[in-house]
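*Asks:* Just so we're aligned, residue 0 is where the sequence shown starts under numbering that gives the first Met the number 0, counting upward by one.
Cβ coordinates follow ideal geometry from the N, Cα and C atoms, glycine included.
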Amino acid sequence: MRKLIIFAFIGFLAQLIDGSLGMAYGVTSTSLLLTFGIAPAVASASVHMAEVVTTAASGVAHIKFGNVDKQAVYRLIIPGSIGAFVGACFLSNLPGDVVKPFIATFLLLLGIYVFLRFLLNFQPGKQTNSLGLTRKQSIPLGLIAGFADATGGGGWGPIATPVLLSKKGVEARKVIGTVDTSEFAIAVSASLGFFIALGWEELNWTWVFALMIGGVIAAPIAAWLVKVLPSYLLGVLVGGFIILTNARTMLIEWNTPAGLIPYIYASIFIIWFAGIFYVVWKNKLKKGK
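1. Check whether the Cβ atoms of ASN203 and SER45 sit closer than 8 Å, and answer yes or no.
2. Per DSSP, what kind of secondary structure is ALA184 in: helix, strand or coil?
3. Whose C-beta lies closer than 6 Å to the C-beta of ASP68 among residues of the same chain, with five residues either side of it excluded?
4. In terms of residues, what are the limits of the alpha helix (DSSP H) holding ALA13?
5. Comparing C-alpha positions only, which one of ALA71, LEU12, GLY65 and LEU119 sits nearest to ALA273?
6. Could you name the residues of the same chain whose beta carbon sits closer than 6 Å to that of LEU15, not counting the 5 residues immediately before and after it, in chain order?
7. From ILE4 to ILE269, what does the alpha carbon distance come to, in whole angstroms?
8. Beta-carbon within less than 6 Å of ALA186's beta-carbon, same chain only, minus the 5 sequence neighbours each way: which residues are those?
9. What residue from GLY168, GLY192, LYS226 and LEU191 has the CA that sits closest to GLY65's CA?
10. From this set, GLY234, ALA87 and ASP17, which residue's C-alpha is nearest LYS166's C-alpha?
11. For VAL215 and ASP17, I'd like the C-alpha separation in whole angstroms.
12. So, for ILE81: in the same chain, excluding its five sequence neighbours on each side, which residues have a beta-carbon less than 8 Å away from its beta-carbon?
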C-alpha cells in the first residue's frame, strides 16, 4: 500500500512538472520504475499506458485555459504517433544508450539558448498566439520526438518543448499547452506498439493506475499555473530545467568524478535561481516606468 501511495505521489509530481513546464512526466516516472528493477521496455510501456489518461486530462485542462495552438497539435500528432509506434516496436533492438549523450548535448545547448533568450531578450509585445509551425518543421520534429519518447520512456516534451520555444515570438504557455495536448496521441501510439511487442500481461496494472491517479489530479493544477504565470518566467523556468536534466545525463555518460558533481549541480541551481530573480526584477522595473 505504501508503494502505491508513493507511485501516486510520483505521478502527481511528474504531471505537475510536465504540465507546467512541458516535459518530465515520462523521464521522472520511468526513472522511478527502473529503480525497482523493471525492464526498460516494461517500464516505458507502463508509463505510456498511464500517460494515455494523464495526457488526456492535461490536454483538456490546457484547452480550457486557452494554452493550445490547435493547428500545431494537428501537425504534430501524425508524425509523432508514427515515430512513437516505431520506437515502441523496436525498443529492445535499439542502441538507445549510444545516441543518448548526443541527444543530451543537443538539448543542453538548446536549453542554454532558451534560457538566455527569455533572460535577456524577452519582449512580450512581439509574441504571437500561433506557434507558426509549418508541415516541413512538424514532420521531422514529430518523428524524432515521438521515437525518442517511446525508446527512452520520455522524450516528447524534452525535445519538442525546447525546439518550439527556440522559435522567436512564440508564447511559452502556448508551447507547453500544445506539447502536452499533442502528447496524448503519442502515448496512445506508443502503448499500441508496446502491446504488440510485449503483450498486456507484462504490465503491472496496479502501478499504472497509481501513476494515472496522481497525474489526473495534477493535470488541471499545472494547466492553471501555465495560464497565470508570465511567459518570461515560464521561459526561464523551462530553460533551466532543460539544462539541469540534460546536464545530469551528460555527467553520467561522461563518468564525471563524484566529487565534482555536487559543485556542478550547485552552480546550475545558483545560475538558474539568479536568472529567475533577474527576470522578475527586470519586469517589475518595466512596469514601474
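*Replies:* The short version:
1. Position 204 of the sequence shown, counted from the first residue, corresponds to residue 203. Position 46 of the sequence shown, counted from the first residue, corresponds to residue 45. The answer is yes: Cβ separation under 8 Å.
2. Residue numbering aside, residue 184 sits at position 185 when the sequence shown is read from its first letter. Looking at ALA184 - three-state DSSP - the assignment turns out to be helix.
3. In the sequence shown, counting from the first residue as 1, residue 68 sits at position 69. Here the set comprises SER129, LEU130, LYS173 and THR177.
4. Counting from 1 along the sequence shown, the entry for residue 13 is found at position 14. Looking at the DSSP string, the run of the alpha helix (DSSP H) that includes ALA13 is 1 to 20.
5. Residue mapping note: residue 273 aligns to position 274 of the sequence shown, counting from 1. If we check each option's Cα against that of ALA273, LEU119 comes out closest.
6. Position 16 of the sequence shown, counting from 1, holds the residue named residue 15. Once the five neighbours on either side are set aside, the close Cβ partners of LEU15 are ALA217 and ALA221.
7. By one-based count along the sequence shown, residue 4 stands at place 5. By one-based count along the sequence shown, residue 269 stands at place 270. The straight-line gap separating the alpha-carbon atoms of ILE4 and ILE269 is approximately 32 Å.
8. Here residue 186 corresponds to residue number 187 of the sequence shown, with the count starting at 1. The residues are HIS47, GLU50, VAL51 and THR54.
9. One-based indexing of the sequence shown puts residue 65 at position 66. Comparing Cα-Cα distances from GLY65 to each of GLY168, GLY192, LYS226 and LEU191, the minimum goes to LYS226.
10. On the sequence shown, residue 166 is found 167 positions in, with the first residue counted as 1. The shortest Cα separation from LYS166 among GLY234, ALA87 and ASP17 belongs to GLY234.
11. For this step, residue 215 is matched to residue 216 along the sequence shown. For this step, residue 17 is matched to residue 18 along the sequence shown. When rounded, the distance between both Cα atoms is 12 Å.
12. Position 82 of the sequence shown, counted from the start, is the residue given in the question as residue 81. Result list for ILE81: GLY141, LEU142, GLY145 and SER188, in chain order.
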